[in-house]
Amino acid sequence: MKNILIMKFGALGDVVRTSFILPGLMEKYGDPRVWWLTSNSSFDLLRFNPYICGLFTPTLNMKYLFDVYFDLLISLDDEVEVLHLLKNFKFKKLIGSYLDNSEQPVYTDSASIWFDLGLISRYGKERADKLKQQNRRSHKELMELLLDIKIPSPIFFNSPEIEKSNKGMFPTDCFNIGINSGSGGRWPSKQLRVDEAIKLVHMLLPLSLNGKPARIFLLGAEAEIDRHNKIKGSVKSPNVIDTGSNNSLLEFAAIIKHLDYVISSDSLALHLAIAQMRPTLSFFSQGPPWEIETFGTGEKVLSTSKDFCSFRADADNSTITAERLYDAMMSHIQKLEGDT
26 MKNILIMKFG ALGDVVRTSF ILPGLMEKYG DPRVWWLTSN SSFDLLRFNP
76 YICGLFTPTL NMKYLFDVYF DLLISLDDEV EVLHLLKNFK FKKLIGSYLD
126 NSEQPVYTDS ASIWFDLGLI SRYGKERADK LKQQNRRSHK ELMELLLDIK
176 IPSPIFFNSP EIEKSNKGMF PTDCFNIGIN SGSGGRWPSK QLRVDEAIKL
226 VHMLLPLSLN GKPARIFLLG AEAEIDRHNK IKGSVKSPNV IDTGSNNSLL
276 EFAAIIKHLD YVISSDSLAL HLAIAQMRPT LSFFSQGPPW EIETFGTGEK
326 VLSTSKDFCS FRADADNSTI TAERLYDAMM SHIQKLEGDT
């Protein structure tokens with residue numbers, strides 16, 4: 026039986042979508058034992074995944090990996106501190122990133138289709154950004170080419186107890202819409218402007234969808250506390266619920282699973298919604314929308330500003346409006362109803 030080690034630490038959404046490769050690896054290599062080394066912050070996103078025979082972090086039992094001989098090591102991060110760990114492992118074949126003799130992050134030729142577009146691109150950041158802007162392959166397609174596998178559908182595995190405990194929050198006689206309008210603090214241009222978020226909530230609340238009244242659930246973390254307070258302060262309705270800012274990753278995932286529809290920035294919420302096959306509407310200003318694979322469940326609204334997909338933290342997001350999102354969602358729901 027073959028042993029495969031995957032090294033993927035972050036970001037959180039990237040860990041979720043990278044896990045989609047696991048069934049394909051199982052098929053290609055004849056049910057190998059797959060081990061995964063990740064960060065402490067990402068651990069819970071993988072802990073219930075049945076395709077992983079061993080899940081480790083640098084502070085959780087990593088030493089047990091030192092005695093395993095790996096037929097394949099898949100290294101998908103670009104941080105020097107992560108790549109330093111590679112020297113601890115014995116492996117036959119490497120696909121992905123590593124440190125050269127000068128302790129600089131580089132990557133195997135076999136992984137160029139992915140890393141040529143990233144921070145450690147052999148072409149430098151400026152050229153890499155242009156390649157990323159020109160790329161029209163999704164993350165799914167890039168991983169399929171990188172690993173010579175098929176990724177037919179997304180996967181995510183949660184604790185049944187956590188999913189059950191959150192279910193009561195979502196009445197079955199309502200059409201439950203999640204709105205993740207923020208994006209944390211790092212990329213403000215990914216966000217929906219607060220005034221547009223307020224307007225969108227006002228537009229959605231009177232709706233009856235699939236014969237059910239709309240109920241709005243605000244999604245986010247600590248960075249969204251002020252945003253959600255402003256929305257709740259401007260929209261006085263018991264049908265606008267703040268799901269909280271201190272949910273664990275698995276609680277957050279369970280909340281998303283129980284929603285009928287998710288409107289989200291390019292964020293962890295979007296990846297968790299896609300992974301659990303929730304219908305999504307996502308919006309993009311500074312980053313490339315083409316890399317996001319929705320597996321047929323999602324629609325996208327793109328900025329029409331001149332600096333669209335510029336990777337700028339201050340990219341103009343003013344063309345992502347409540348009206349455009351509302352129209353796109355209504356069209357998408359109509360399409361989904363026609364497909365059933």
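Residues in the sequence shown are numbered consecutively from 26, following the working numbering.
The C-beta atom is built at its ideal place from N, Cα and C for all residues, glycine as well.
* Separation of Ser44 from Ser137, as counted between CA atoms -> 20 Å
* To do: In the DSSP assignment, find the alpha helix (DSSP H) that holds Ser356 and state where it starts and stops.
  => 347–364
* Which ranges does the beta strand (DSSP E) cover as unbroken runs of at least 3 residues, wholly within the region 184–226, from first to last along the chain? -> The qualifying runs are 200–205.
* To do: With DSSP collapsed to three states, give me the class of Pro238.
  => strand
* To do: Would you kindly work out how many angstroms separate the C-alpha atoms of Glu348 and Glu362, rounded to a whole number?
  => Counting only the Cα atoms, Glu362 lies some 21 Å from Glu348.
* To do: Would you kindly work out how many angstroms separate the C-alpha atoms of Met168 and Phe200, rounded to a whole number?
  => Cα to Cα, the separation comes out at about 35 Å.
* To do: Below 8 Å on the Cβ atoms is my guess for Gly203 versus Ala246; work out the distance and round it to an integer in Å.
  => About 14 Å separates the two Cβ atoms, so there is no contact after all.
* Asked: Three or more beta-carbon pairs under 8 Å between the region 309–319 and the region 148–164, yes or no?
  -> Counting Cβ pairs under 8 Å, three or more are found: they touch.
* Asked: What is the rounded straight-line gap between the Cα of Lys237 and the Cα of Ile223?
  -> 22 Å
* Would you call the region 282–290 and the region 259–270 in contact, with 3 or more CB pairs under 8 Å? -> no
* Asked: Looking at C-beta atoms only, is the number of pairs between the region 58–65 and the region 80–97 that lie closer than 8 Å three or more?
  -> yes
* Asked: Nearest-angstrom Cα distance between Glu324 and Asn205?
  -> 15 Å
* To do: Spatial neighbours of Arg218 within its chain, please: CB distance less than 8 Å, with the 5 preceding and 5 following residues excluded, ordered by chain position.
  => Correct list, in chain order: Asn342, Ser343, Ile345.
* To do: Can you check DSSP and say which residues form a bridge with Cys32?
  => Just to set this straight, residue 32 is Met in the shown sequence, not Cys. Met32 pairs with Leu62, Ser100.
* Boundaries (first-last residue) of the alpha helix (DSSP H) holding Leu293 -> Annotation for Leu293: the continuous alpha helix (DSSP H) segment containing it runs 293–300.
* Would you kindly work out how many angstroms separate the C-alpha atoms of Pro177 and Ser135, rounded to a whole number? => Rounded to the nearest whole angstrom, the C-alpha separation of Pro177 and Ser135 is 22 Å.
* Asked: I think Asp102 touches Ser127, with their Cβ atoms under 8 Å apart; what is that distance to the nearest whole Å?
  -> Between Ser127 and Asp102 the Cβ distance is about 18 Å, and since that is not below 8 Å, they are no contact.
* **Given Lys255 as reference, the closest of His283, Glu221, His109 once Cα atoms are compared** => With respect to the C-alpha of Lys255, the residue from His283, Glu221, His109 having the closest C-alpha is Glu221.
* To do: Rounded to whole angstroms, what's the CA-CA distance from Asn28 to Tyr89? Just pull it up for me.
  => 14 Å
* Does DSSP classify Tyr286 as helix, strand or coil? -> strand
* **Residue of Asn191, Gly149, Arg337, Leu234 minimising C-alpha distance to Lys215** => Arg337
* Under 9 Å, do Leu275 and Leu37 count as touching if we go by C-beta distance? -> no
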